[in-house]
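In my numbering, the protein residues as written are 6 to 336.
Here it is, written out as structure tokens:
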């Protein structure tokens with residue numbers, strides 16, 4: 006491995022699963038190819054969809070820096086990412102959502118974080134692109150994680166964090182060699198219930214395996230994430246917050262409640278009460294959406310708590326598989 010720093014070689018992995026996002030996938034790949042700091046390669050990992058695999062093979066057949074491969078594990082995002090890790094050749098592996106586009110300096114800012122050899126992961130800022138062109142008045146910024154975006158309450162700048170957010174993240178290859186890959190049994194599985202937290206579980210496992218590891222978020226590394234119309238409604242908000250509770254229960258079982266809920270306690274006791282207060286203040290001042298935002302925060306907390314209780318019971322019966330990675334990337 007070469008010396009640490011901005012000279013690190015980066016592979017980009019984009020996990021895809023449906024032809025419904027065809028235009029988004031092409032836009033995501035194009036944004037990687039347009040980076041001011043070029044990636045070594047872009048790997049498109051197709052999740053058990055033969056038609057999409059064949060279509061992407063034909064689309065990028067003549068593009069040397071783009072490789073298309075099938076998910077070699079069980080259906081789901083974690084196994085898709087693990088497939089990309091195993092097939093990549095970069096010293097750093099970055100992950101981009103299939104319905105997001107990266108700003109031109111995305112990889113440059115991610116790479117800057119690796120100047121410190123202790124840094125094992127660097128994430129960035131994810132901004133929503135609302136289908137209706139503007140944020141729904143009732144939708145609190147504190148819950149932008151519901152739609153896969155950076156939420157109000159995260160510190161600004163380049164800061165040390167417990168975990169990066171998976172749709173805009175990068176890891177040294179040695180992080181996976183130390184901690185293993187993304188655990189299957191946690192996170193999204195195609196169109197099923199919108200679970201998450203697989204990157205949280207990995208990051209906590211990483212810092213246990215490497216207590217000296219530093220994990221960063223640099224909010225200059227920006228991507229723009231599409232939010233479809235169906236996710237702008239309260240029904241999805243409720244479903245996703247419940248699923249987050251289920252996911253947090255799985256994480257707590259895997260790595261322990263102390264670490265698994267450390268950041269969430271601060272979020273629930275400081276960030277969310279302040280959000281409710283702002284919403285109520287706006288309602289008193291007759292500003293649009295204030296009462297709705299306050300109510301959504303309360304509903305989100307209660308729904309996530311309910312999911313956590315149910316998930317804690319189910320987690321006792323859940324199985325996790327954590328793949329190991331050794332040595333350099335390979336085909």
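Just so it is clear, CB atoms sit at the ideal spot from N, CA and C, and this is done for glycine as well.
- Inter-segment contact for the segment 278–288 and the segment 299–309 is present: three or more beta-carbon pairs are separated by less than 8 Å.
- Taking the Cα of residue 40 as reference, the smallest distance to any Cα among 70, 214 and 222 is reached at 70.
- Closest in alpha carbon position to residue 120, among 36, 294 and 97, is 97.
- By the criterion of a C-beta distance shorter than 7 Å, residue 328 is surrounded in its chain by 87, 185 and 186, once the five residues flanking it on both sides are discounted.
- When the alpha-carbon of residue 313 is set against those of 294, 293, 257 and 105, the nearest one is in 257.
- Spanning the alpha carbons of residue 52 and residue 209 requires a straight line of approximately 26 Å.
- Around residue 106, the same chain offers 32, 33, 36, 228 and 229 as residues with beta carbons nearer than 7 Å, after the five sequence neighbours per side are excluded.
- In this structure the segment 147–160 does not lie against the segment 40–49, because fewer than three pairs of beta carbons, one per stretch, are closer than 8 Å.
- Counted as a single uninterrupted DSSP element, the alpha helix (DSSP H) harbouring residue 59 occupies residues 55–64.
- Here residue 16 carries a strand assignment [DSSP, helix/strand/coil].
- Taking residue 113 as reference, the option from 204, 89 and 224 with the minimal CA-CA separation is 224.
- The shortest CA-to-CA distance from residue 99 to any of 290, 29, 287 and 42 is the one to 42.
- If you look at residue 135, you'll find it in the beta strand (DSSP E) that goes 124–135.
- Beta-bridge analysis with DSSP links residue 157 to 159.
- The continuous alpha helix (DSSP H) containing residue 204 extends over residues 203–214.
- In the DSSP assignment, residue 47 falls within the beta strand (DSSP E) that extends over 46–51.
- Residue pairing from DSSP places residue 174 in a beta bridge opposite 100 and 128.
- Cβ-Cβ distances below 6 Å link residue 166 to 220 and 222 in the same chain, with the five nearest sequence neighbours on each side left out; the list follows chain order.
- Residues of the same chain with a CB within less than 8 Å of the CB of residue 217, apart from the 5 flanking positions on each side, are 123 in chain order.
- Looking at the backbone, the Cα of residue 44 and that of residue 116 are separated by about 11 Å.
- In the structure shown, the three-state DSSP call for residue 231 is strand.
- Per DSSP, the beta bridge partners of residue 105 are 230.
- A contact between stretches requires three or more CB pairs, one per stretch, nearer than 8 Å, and the segment 13–30 meets this requirement with the segment 73–92.
- A direct Cα-to-Cα measurement between residue 306 and residue 244 gives close to 12 Å.
- If you ignore the 5 residues before and after residue 310, its C-beta comes within less than 8 Å of the C-beta of 250, all in its own chain and listed in chain order.
- The alpha carbon of residue 173 has as its nearest neighbour, out of 131, 239, 205 and 158, the alpha carbon of 131.
- Contact between residue 90 and residue 239 does not hold, since their C-beta atoms are separated by about 36 Å, which reaches or exceeds 8 Å.
- Leaving aside the five residues that flank residue 141 on each side, the residues in its chain whose CB is nearer than 7 Å to its CB run, in chain order, 237.
- One Cα belongs to residue 169, the other to residue 215, and the distance between them is close to 16 Å.
- At the C-beta level, residue 158 and residue 272 come within 8 Å of one another.
- Per DSSP, the continuous alpha helix (DSSP H) segment holding residue 37 begins and ends at 27–38.
- Of the residues assessed, residue 126 falls on the buried side of the cut-off, its CB having 16 or more other CB atoms within 10 angstroms.
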